[in-house]
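**Student:**
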Amino acid sequence: MDVEHPQIGKTLSNSTSTAFSPVPFPGNTRQQQQENLDLSECPIRLEERENFNQINEDEIRKSLLVEAKRRKCWNSKAIEKMVFEEIVHNCCYHYVLESFTETRSTADAVQPSSSTMSNSSALVRIRSFEESGSAVDISTNSLTSKINNPTITKTLFSADFGHNPWDFDVKPDDDFVNQIKILEMPNSQRLSTCHTCKGEALIHCFHCRGLGTDKCTYCRGTGMKAGVAHPALYTHPMIGTFSGDNRKSVGGGISSSNRGFPFSGTAMIKPALLGSQRDKPYAAGTPVHFMAKAGLPPPGIGQHDLCIFCHGRGIRDCQHCKGQGKKCCLACGGNGQVRIFTKLKVAFAVECSDFYTPCEMPDHLLRQANGQLIFTETRPYVHPIRKHKIKEINEVSKHFCAAHLKRLLDSCRVLKQRHCIERIMVAKVRFKLGSKCGRFFVFGDQRLCYIPKESISSNCSLM
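When we follow full-length UniProt numbering, the leftmost residue of the sequence shown carries the number 1, and every step to the right adds one.
#1: Report the rounded CA-to-CA distance for D108 versus G323, giving the unit in angstroms.
#2: Under a Cβ-count criterion, where at least 16 other Cβ atoms within 10 Å of its own Cβ denotes burial, should G444 be classed as buried or exposed?
#3: Go ahead and label G312 buried or exposed: buried means 16 or more other beta carbons lie within 10 angstroms of its beta carbon, across all protein chains shown.
#4: If you drop the 5 nearest sequence neighbours on each side, which residues of the same chain put their C-beta closer than 7 Å to that of Y218?
#5: Straight-line CA distance for C437 to C73?
#6: How would you call C205, buried or exposed, if buried means at least 16 neighbouring beta carbons within 10 angstroms?
#7: Got a sec, what are the start and stop residues for the alpha helix (DSSP H) H364 sits in?
#8: Between which residues of its own chain and L448 is the CB-CB distance below 6 Å, once the five residues before and five after are set aside?
#9: Give the straight-line distance between the Cα atoms of G227 and K198, rounded to the nearest whole angstrom.
#10: How many Å lie between A78 and N394 at the Cα?
#11: Within 10 angstroms of the Cβ of G295, are there 16 or more other Cβ atoms? Answer buried if so, exposed if not.
#12: When you compare only the Cα positions, how much space is there between S192 and V338?
#13: Under a Cβ-count criterion, where at least 16 other Cβ atoms within 10 Å of its own Cβ denotes burial, should N335 be classed as buried or exposed?
#14: With a floor of 3 residues, list each beta strand (DSSP E) that falls wholly inside the segment 285 to 336, ordered by position along the chain.
#15: Among K62, L97 and V177, which one has its Cα closest to the Cα of A347?
#16: Within its chain, find whatever has a CB closer than 6 Å to the CB of E86; leave out the 5 residues flanking it on each side and keep chain order.
#17: Does the segment 290 to 305 come into contact with the segment 60 to 72, if we say contact requires no fewer than three beta-carbon pairs (one atom in each stretch) closer than 8 Å?
#18: Assuming contact is defined by CB atoms lying nearer than 8 Å, are V382 and R418 in contact in what I supplied?
#19: Can you list, in chain order, the residues of its chain whose CB lies under 7 Å from that of C194, leaving out five sequence neighbours each side?
#20: Can you find the residues in the same chain that come closer than 6 Å, C-beta to C-beta, to L97, ignoring five residues on each side of it along the sequence?
#21: Can you tell me the Cβ-Cβ gap for H94 and Y450, rounded? I've got them flagged as a contact below 8 Å.
#22: Taking 8 Å as the threshold (C-beta atoms), are M185 and P172 in contact?
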């Protein structure tokens, strides 16, 4: 049963590549398939008018001149001298059968969600009961008070209602146009704890290893604007009382083989200082470290010598977590919960089969030509054509109609079918130019020209 839901018309904007599982149309039972096949056996008659406009000689010469210039066969003077010995008009019929189909597939999707789930009431129209003008409101407050029809009540309160992707009606934008819609299936969402952050809404920052600080890239962890540590910072005897990592004692002080180089190991200290630098960590061997140990600024170093970004600390807050050591979980958007729902992929496709009656011209050239439309019909299931003067058209129409239904009804839903017959005018011209003879064709409403290779090679001396 098809239901039209306003939420289903909302296309997902952030749809990613997802493996969808196809869902067969439940209405294609064996009995209905046999009825559709029997329906395709009901042929229709086609009456065609015999009068059609023939291609005159002036149009033939103009078309030949355009094609000869393009292929560099003859010049205009040679075409004027050319004698048309015979012009035979014929018709090539083009039969086309198109089936507009719909296939549906589903896939589970996860998106960040707020702490509350929005359950807005919606007006659902069941197409089976739209003809009687009845509309059903499925909001919880007015459901029992407005439904008096026991059939509708049984349908809405059924356990399977709304779980089948084919329960909802999705309209295509245009008929007989390939298009794909990725929608959210109504009543399929649920909230769940985020598996990435385990419901904590925060995750460990891997850029700073959870410390909240990172080495200052401007001063390379030295705290100096010049990017090189001052000698007073690692030669003062009081600095040697703290054993930093990757350091060795030099003359009673400390030194580091990695000091002054980016991304080197840096010992970080978190003391209790006064003023604006209170409780802010700093790196070992920096001006702030010297002030913490010696109690006075380094000799010969002023405020203008310190790094303008870390202010002599050698480290600064991590840009990814803003100094917190943890950052917001992207999977749940910082809510600790995710919204799990079912994505519905509706694919509208056109299955086309065509046939050209035998002609002396190749089919790929006939596809470029436009003809006169002598018959067209659009129905849910079209009937084969019979009583056409070309028996091959009748046989092909019967074969195409049965083959489309047999092939498509097992995998998709056939919305509409249409078939048409197009008549393409073809003029076969036999010409003589000097002592050479040949032939060419003019066809279609555009008056296209086709010159076989043998006609060009036999007249190459007259180019």
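For each residue, glycine too, the CB sits at the ideal point set by N, CA and C. Here the structure is a predicted model, which means the values were calculated and not measured.
**Tutor:** Reading off the structure:
#1: Roughly 36 Å between the two C-alpha positions.
#2: Burial call: buried.
#3: Residue burial is scored here from C-beta neighbours: G312 has at least 16 other C-beta atoms within 10 angstroms and is therefore classed as buried.
#4: C307 and F309.
#5: When rounded, the separation of the alpha-carbon atoms in C437 and C73 is 14 Å.
#6: Under this definition C205 is a buried residue.
#7: Bounds of the alpha helix (DSSP H) holding H364 are D363 to L366.
#8: Around L448: A369.
#9: Whole-angstrom Cα-Cα distance: 42 Å.
#10: Taking the straight line from one Cα to the other gives about 44 Å.
#11: Result: exposed.
#12: Roughly 5 Å between the two C-alpha positions.
#13: With 16 or more other Cβ atoms inside 10 Å of its own Cβ, N335 counts as buried.
#14: Here the runs fully enclosed are 315 to 317 and 326 to 328.
#15: Nearest of K62, L97 and V177 to A347, Cα basis: V177.
#16: Once the five neighbours on either side are set aside, the close Cβ partners of E86 are R430.
#17: No: fewer than three Cβ pairs fall under 8 Å.
#18: In this structure, R418 lies closer than 8 Å to V382 by Cβ.
#19: Only C329, A331, C332, G336, Q337 and V338 meet the Cβ criterion.
#20: Correct list, in chain order: S353, F400 and H419.
#21: About 16 Å; that fails the 8 Å criterion.
#22: Against a cut-off of 8 Å, the Cβ pair of M185 and P172 comes out as no contact.
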